Amino acid sequence: MKIAIASGKGGTGKTTLSVNLAYYLSGKLGKKVVLADLDVEEPNSGLFLKGKLLKEQPEYRPVPVWQPDKCTFCGKCNSLCNFNAIASLPKTILVFKELCHSCYACSELCPEDALPMENLKMGISRVFSINQNFTFLEGVLDIGQESAVPLIKKIKELAENKINKDSLLLFDSPPGTSCPVIEATKDADLVILITEPTPFGFHDLRLAVKTMRELDKKILVVINRYGIGNKDIEKYCKKQNIEIAGKIPYSRKVAELYSKGLLLESCLEVQKELEKIAKQIYTNLNIY
Amino acid sequence: MIIVFAVDSDKGWDSLISSRFGRAQGFLCFSEENGNLDFHSNNENAGAGHGAGIQTGQLIAKLKADVIITGGDIGPKAFDVLSATNVKMIKDVGEISAKQAYENFKNNMYQ
Ligand code: SF4
Ligand code: SF4
């Protein structure tokens, strides 16, 4: 079962929920849990998890590399590329690697074999063992890479290889509503949207709900920093028929632990909410 | 020499120079050899989601331009394409008419 934890914008507690929920499910409930931090442009789940680094490796994606000696300047490659990643000019062919989606079309259809695919490093992946039930993966995108999507796909693949039918796979998704978050959530069985009770939080939640409904996802909402702001989110969720699975309270203690990079194990109020969230997850995914 | 002007509508020499290179609606292509001033639509590229500058740069190469004049900046990808074709880039001329831009160019006011 795959659960994506997402939010309309950054800084609403997505990471806090991801790491604490994964820890709770693996510890208190003894589930096998794999958590993957798919926010590869700014991974920070790892800051809260102390475990053993099992594996670290560079990740590559294939891009075409032009061979001037073979090219006849027929111009096919330019019209073949759906992503405008190739410019064919009278005396040269330019490949814009940042725009390339590694679809192989140009490479396979070039009549002269002048565009072989070669691996380009896009970032790294790491696998950690946090405890015997809890595996954590993260990806870190190299600086200068324009698209996070290929690395997100890769980390998802690695994570999927680590689960069996009884385990839960959690994705800490990138923020926003664009391609990276769609890649991270598109095959999730359940999406948990985390928000905070402020006008900005409410606005971004509505955008995120719209995106997830378009993807036809089951949604749960968790309110972070509950106690500040107003009740707009609760009213909205009721109207939209969306269950609020938990309300993580706003307290000094939570803020202190967070700033020290610690899990919220010792916060009873938070653990109670995690219990409720876990119950909702089980109900929604028919796990007993 | 062939001089190409980025424009948003075709009004001949009175067309205003467009400040959006990759998303300009079209290009006026002036051949000093035969005196023709032709309009080439860039509609398809102007609406492209990604890579508008790349496709537009290619169009300029196809027109065999020696000089391209645009009102604003030229994006990094379009710049790469244009650099590969050795076309002289004149940018940031503002929203003046093509005629004015050509005169300025002839008077060596763009370096
Ligand atoms: S398709 Fe192959 S041969 Fe034709 S222009 Fe592109 S690289 Fe050259
Ligand atoms: S591999 Fe696909 S996306 Fe990449 S340049 Fe070739 S055709 Fe374009």
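The listed protein sequences correspond, in order, to chains A and B.
Going by this note's numbering, the first residue of the first sequence is number 7, and it counts up by one from there.
Going by this note's numbering, the first residue of the second sequence is number 15, and it counts up by one from there.
Glycine included, C-beta positions come from ideal geometry on N, C-alpha and C.
Note that this is a predicted model, so its numbers are computed, not measured.
Contact between A/Lys160 and A/Thr191 fails: their C-beta atoms lie close to 16 Å from each other, not under 8 Å.
In the DSSP assignment, A/Met7 is bridged to no other residue. Sequence-ordered contacts of the segment 90-104 of chain B with chain A read Lys91, Asp94, Val95, Ala98, Thr99 [C-beta pairs closer than 8 Å]. Chain order gives no chain A residues near B/His54, where near means a beta carbon separation below 7 Å; the closest approach is about 17 Å. For a Cβ distance threshold of 8 Å, nothing in chain B lies close to A/Ala12: the least Cβ distance comes to about 23 Å.
The DSSP-derived three-state label of A/Met218 is helix.
For A/Leu95, a Cβ of chain B is located within less than 8 Å of the residue's own Cβ.
Within a 10 Å sphere around the beta-carbon of A/Asn125 sit fewer than 16 other beta-carbons, which makes this residue exposed. Inside the segment 159-238 of chain A, DSSP marks whole alpha helix (DSSP H) runs of 4 or more residues at positions 185-191, 205-220, from first to last along the chain. Per the coordinates, the alpha-carbon of A/Ser51 lies some 15 Å from the alpha-carbon of A/Ile158. Judged by their CB atoms, B/Ile31 and B/Glu117 are not nearer to each other than the 8 Å cut-off. DSSP places A/Ile136 in the uninterrupted beta strand (DSSP E) bounded by 123-137. For A/Phe102, the distance from the CB to the nearest heavy atom of ligand 1 is not below 7 Å. Cβ neighbours of A/Met7 within its own chain (closer than 6 Å, five residues either side excluded): Leu174, Asp195, Leu291.
Under the Cβ criterion of 8 Å, A/Leu105 is counted among the residues facing chain B. Checking the DSSP bridge columns, you'll see B/Cys43 partnered with B/Val18, B/Asp52. Of the heavy atoms belonging to ligand 2, none sits nearer than 7 Å to the Cβ of B/Ala75.
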